[in-house]
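Chains P and W are the protein sequences, given in the same order.
With the numbering used here as the guide, the letters of the first sequence map in order to residues 144 to 524.
With the numbering used here as the guide, the letters of the second sequence map in order to residues 144 to 524.
The beta carbon of each residue, even a glycine, is placed where N, CA and C say it ideally should be.
In this text the structure is predicted, and so the values were computed from the model without any measurement.
2 protein chains.
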Amino acid sequence: MKSNSALKELSIASHRKLRGKIGIVSKAPLRSQNDLKIYYTPGVGAVAAYLATHKKEARDLTMKGNAVAVISDGSRVLGLGNIGPEAALPVMEGKAMIFKEFAGIDAFPIVLDTQDVGEIVKTIRYISPAFGAINLEDIAAPRCFEIEKQLQKILPLFVMHDDQHATAIAVLAGLINAFKVVKKNLKTSKIVVIGAGAAGSATAKLLVAYGARNVVVVDEKGILSAKRKGLNLYQKELAAMTNKKNVQGTLQGALLGADAMVGLSAPNIVKSGDVKRMAVKSIVFALANPVPEIMPQDAKVGGAFIVATGRSDFENQVNNALVFPGVFRGALDHRVKKITWDMKIRAAKVLASLVKKPTPRAIVPSVFDPRVVKALASVIQ
Amino acid sequence: MKSNSALKELSIASHRKLRGKIGIVSKAPLRSQNDLKIYYTPGVGAVAAYLATHKKEARDLTMKGNAVAVISDGSRVLGLGNIGPEAALPVMEGKAMIFKEFAGIDAFPIVLDTQDVGEIVKTIRYISPAFGAINLEDIAAPRCFEIEKQLQKILPLFVMHDDQHATAIAVLAGLINAFKVVKKNLKTSKIVVIGAGAAGSATAKLLVAYGARNVVVVDEKGILSAKRKGLNLYQKELAAMTNKKNVQGTLQGALLGADAMVGLSAPNIVKSGDVKRMAVKSIVFALANPVPEIMPQDAKVGGAFIVATGRSDFENQVNNALVFPGVFRGALDHRVKKITWDMKIRAAKVLASLVKKPTPRAIVPSVFDPRVVKALASVIQ
Numbered sequence: 144m145k146s147n148s149a150l151k152e153l154s155i156a157s158h159r160k161l162r163g164k165i166g167i168v169s170k171a172p173l174r175s176q177n178d179l180k181i182y183y184t185p186g187v188g189a190v191a192a193y194l195a196t197h198k199k200e201a202r203d204l205t206m207k208g209n210a211v212a213v214i215s216d217g218s219r220v221l222g223l224g225n226i227g228p229e230a231a232l233p234v235m236e237g238k239a240m241i242f243k244e245f246a247g248i249d250a251f252p253i254v255l256d257t258q259d260v261g262e263i264v265k266t267i268r269y270i271s272p273a274f275g276a277i278n279l280e281d282i283a284a285p286r287c288f289e290i291e292k293q294l295q296k297i298l299p300l301f302v303m304h305d306d307q308h309a310t311a312i313a314v315l316a317g318l319i320n321a322f323k324v325v326k327k328n329l330k331t332s333k334i335v336v337i338g339a340g341a342a343g344s345a346t347a348k349l350l351v352a353y354g355a356r357n358v359v360v361v362d363e364k365g366i367l368s369a370k371r372k373g374l375n376l377y378q379k380e381l382a383a384m385t386n387k388k389n390v391q392g393t394l395q396g397a398l399l400g401a402d403a404m405v406g407l408s409a410p411n412i413v414k415s416g417d418v419k420r421m422a423v424k425s426i427v428f429a430l431a432n433p434v435p436e437i438m439p440q441d442a443k444v445g446g447a448f449i450v451a452t453g454r455s456d457f458e459n460q461v462n463n464a465l466v467f468p469g470v471f472r473g474a475l476d477h478r479v480k481k482i483t484w485d486m487k488i489r490a491a492k493v494l495a496s497l498v499k500k501p502t503p504r505a506i507v508p509s510v511f512d513p514r515v516v517k518a519l520a521s522v523i524q
Numbered sequence: 144m145k146s147n148s149a150l151k152e153l154s155i156a157s158h159r160k161l162r163g164k165i166g167i168v169s170k171a172p173l174r175s176q177n178d179l180k181i182y183y184t185p186g187v188g189a190v191a192a193y194l195a196t197h198k199k200e201a202r203d204l205t206m207k208g209n210a211v212a213v214i215s216d217g218s219r220v221l222g223l224g225n226i227g228p229e230a231a232l233p234v235m236e237g238k239a240m241i242f243k244e245f246a247g248i249d250a251f252p253i254v255l256d257t258q259d260v261g262e263i264v265k266t267i268r269y270i271s272p273a274f275g276a277i278n279l280e281d282i283a284a285p286r287c288f289e290i291e292k293q294l295q296k297i298l299p300l301f302v303m304h305d306d307q308h309a310t311a312i313a314v315l316a317g318l319i320n321a322f323k324v325v326k327k328n329l330k331t332s333k334i335v336v337i338g339a340g341a342a343g344s345a346t347a348k349l350l351v352a353y354g355a356r357n358v359v360v361v362d363e364k365g366i367l368s369a370k371r372k373g374l375n376l377y378q379k380e381l382a383a384m385t386n387k388k389n390v391q392g393t394l395q396g397a398l399l400g401a402d403a404m405v406g407l408s409a410p411n412i413v414k415s416g417d418v419k420r421m422a423v424k425s426i427v428f429a430l431a432n433p434v435p436e437i438m439p440q441d442a443k444v445g446g447a448f449i450v451a452t453g454r455s456d457f458e459n460q461v462n463n464a465l466v467f468p469g470v471f472r473g474a475l476d477h478r479v480k481k482i483t484w485d486m487k488i489r490a491a492k493v494l495a496s497l498v499k500k501p502t503p504r505a506i507v508p509s510v511f512d513p514r515v516v517k518a519l520a521s522v523i524q
């Protein structure tokens, strides 16, 4: 593994050299007047006139049918926080590369110079006609919940906030196999989710929907409990769904005797000593990006039996990149409007099932496994 | 030449087969964990963090430096009128193909589900951070003037309404050479511009800026004159710049003795008999798309000496496709914020100069001439 600062330098230099990781490609040659006649004027006039009266066929005659807008307001980029639209762009381009290379989807990065819910919703509505689906990315909670909900109501398109649903699916798939490895029952084990933002809350909810009965969510103020004051609407809902015993306390308190922890929060907030408080054969998912809650070697020092991160340079990469290409492939191909709980559970199960014999070092398939996209697309319908 | 209906069918079938004329391409391979480390997480985190404090370098480290948003509200698509965003999409994709194939520019089609000036301006502002330039397309007058003006004021980007400026440059280039062929003086000849929309008014103004002293604009209500009632702000300005003698009357009246006519209006509104009223060695540019004001054979029956259309299937294609790739190449490369009158005149002259010996059948270079983009880009600075 390259040193951290060497990788940073290499990455910045590689981006500077490419000047953009994605580009536009023409799907037909433009080499003669005849090509122009067909694809530009006058031929395109017939297509435009036809679509004026057959609007629904835009998915068949234009880019729309295979196009996803990857949209961020830059308010919660990776674990880096609110760094704005320009800084979010290379991340969105990275998503677009992954969409293309793994699922053949044309993803168009759009970064927004507004962080107002109403303005974001209107902007996305206005630009929606060219796209077959909308992928919301790296938008801070609780704004992201409201934006997703409103767009799902007004747009005749698949709209999904990746950081919520794709992350939750990847985590559930990873936990299904991790619990198989440690021979414990996921549904009755204690699972601590660190982070109550987009990813943390969606993951906790999906675990509960799957049947997990002992999920505890912790945020920067401690354990999320219905008794805690000052909760917003979304936090109240989450507290009611998890932590049935209304336990209160700190992260360290929550980790006592926990079978698994799922970090979807901030860098370096978990120490080896915290991991030591967990149950035997503990499962540690430290998924903050690019710097996890605890580095794998430190988690192991604390006694973790299985460790996963969101990164590409450690084993067990539990990252939404494993999920979003296949989910959007399925949504576009089957013209799905909204992802349901049932679809998410089926997606997690099918993803887990691709690892025939899970081991501590291999609980999820590789993002390069060509079966992943197909399997996920098949259950999104 | 294929029959009209055969071409229409071929074009629709070709679009249906391609399912979109453009797509996204990844500029680097994603084949290994190492690739993901550099372009996705964790490496991209370093790029995002760097851009958070070096926003201006987004042009060097992301797609922004080579990216143009091609934006339409579908209110004035070709000569087809207000047919909406979905129907405008194949035209925008055609523009994107041309941008890529001729100028290596990554153009992203965006079609808007609003035709409100304020909402369009806001939407474009919000989505602007990913783009190095904004190309407005097929937006009806007078809305297009207001949108362009407001965006030029608020955005730190090159913003240009193609139908105005690129068309005007192509027409002026064509007329410079056409007048050379007929051995008349453009500046003192009578030039009738049909259409007072985006293209018509920008063309008339550029002709005046170039030095043409006898330009008359005609719209569907007849000759545009300062004496005519009910003119909007933009029409008043145009009337004051042209038609110094305040002539009133019909299109037929305007064409009497005209040396050139430039149609930027609607299909089939000029007859052979109308062309007969023009001066000897008349120049007829019938540029409405896809169906011109008069078909070339009918213009010739009326005695036209030089005929041009906007189409790819006749000689003398005077189309903004000849201009926008080079203009945007220059604007991106030289970080130009606004196109000036001087740049437009230099662009028209340099475009005309590429035809060493103009003839009645060859007044403009081919869009396939590789010198075109370079020559235009060199004067946009």
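Local Cβ density within 10 Å of residue i, reported as buried at 16 or more and exposed below that
i, result
"LYS480 of chain W", "exposed"
"GLY186 of chain P", "buried"
"PRO228 of chain P", "buried"
"LEU232 of chain P", "buried"
"PRO435 of chain P", "buried"
"GLN524 of chain W", "exposed"
"GLN440 of chain W", "exposed"
"ALA156 of chain P", "exposed"
"LYS326 of chain W", "exposed"
"ARG454 of chain W", "buried"
Residue i - containing alpha helix (DSSP H), residue span
i, result
"HIS158 of chain W", "147 to 161"
"ASN177 of chain P", "176 to 182"
"PRO468 of chain W", "467 to 476"
"PRO439 of chain W", "439 to 444"
Closest Cα partner of residue i within the set the options
i, options, result
"ALA311 of chain W", "W:ASN389, W:ASP402, W:ASN357 and W:LEU494", "W:LEU494"
"ARG198 of chain P", "W:GLY217, W:TYR193, W:ASP485 and W:ALA283", "Rather than Arg, the amino acid found at residue 198 of chain P in this sequence is Lys. Nearest of W:GLY217, W:TYR193, W:ASP485 and W:ALA283 to LYS198 of chain P, Cα basis: W:GLY217."
"GLY317 of chain W", "W:LEU298, W:LEU350 and W:ALA239", "W:LEU350"
"PRO410 of chain W", "W:ALA230, W:PHE428 and W:HIS477", "W:PHE428"
"LEU519 of chain P", "P:THR452, P:PHE471 and P:GLN395", "P:PHE471"
"LEU161 of chain W", "P:ALA451, P:ILE181, P:ALA342 and P:GLY188", "P:ILE181"
"PHE467 of chain W", "W:ALA239, W:THR196 and W:SER175", "W:ALA239"
"TYR193 of chain P", "W:GLU152, W:GLY469 and W:LYS492", "W:GLU152"
"ALA273 of chain W", "W:LYS388, W:PRO299 and W:ALA355", "W:PRO299"
"ALA451 of chain W", "W:VAL314, W:ILE482 and W:ALA195", "W:VAL314"
"GLY354 of chain W", "W:ASP203, W:ASP485, W:ILE167 and W:VAL516", "W:ASP485"
"HIS477 of chain W", "W:LYS517, W:VAL360, W:VAL461 and W:THR346", "W:LYS517"
Extent of the continuous beta strand (DSSP E) run through residue i
i, result
"LEU279 of chain W", "276 to 279"
"SER271 of chain W", "SER271 of chain W -> no beta strand (DSSP E), and no H or E assigned at all."
"ASN357 of chain P", "357 to 362"
"GLY166 of chain W", "165 to 169"
"GLY396 of chain W", "Taken as a continuous stretch (DSSP letters only), GLY396 of chain W belongs to no beta strand (DSSP E), being part of the alpha helix (DSSP H) at 394 to 398."
"THR452 of chain P", "449 to 452"
"VAL302 of chain P", "301 to 304"
"VAL254 of chain P", "249 to 254"
Backbone CA spacing between residue i and residue j [nearest angstrom]
i, j, result
"ILE248 of chain P", "LEU221 of chain P", "22 Å"
"MET404 of chain W", "HIS158 of chain W", "34 Å"
"PRO501 of chain W", "LEU173 of chain W", "50 Å"
"LYS170 of chain W", "SER154 of chain W", "30 Å"
"GLY208 of chain P", "PHE448 of chain P", "44 Å"
"ASN432 of chain P", "ARG286 of chain W", "45 Å"
"ARG371 of chain W", "LYS364 of chain W", "10 Å"
"THR266 of chain P", "PHE251 of chain P", "15 Å"
"GLU289 of chain P", "ALA309 of chain W", "42 Å"
"MET144 of chain P", "ARG489 of chain P", "At MET144 of chain P the pLDDT is 43, less than 50, meaning the model places this residue with poor confidence and gives no usable figure here."
"ILE282 of chain W", "SER175 of chain W", "45 Å"
"GLY445 of chain W", "ARG420 of chain W", "8 Å"
May I ask you to list, following chain order, the residues of the region 424 to 457 of chain W that have a beta carbon less than 7 Å from some beta carbon of chain C?
-> Note that chain C does not occur in the displayed structure, where the protein chains are P and W.
With a floor of 4 residues, list each alpha helix (DSSP H) that falls wholly inside the region 409 to 435 of chain W, ordered by position along the chain.
-> 415 to 419
Secondary structure, beta strand (DSSP E): runs of 3+ residues fully inside the region 200 to 238 of chain W = 210 to 215
Every unbroken alpha helix (DSSP H) within the region 320 to 358 of chain P, with a cutoff of 4 residues, ordered by chain = 341 to 353
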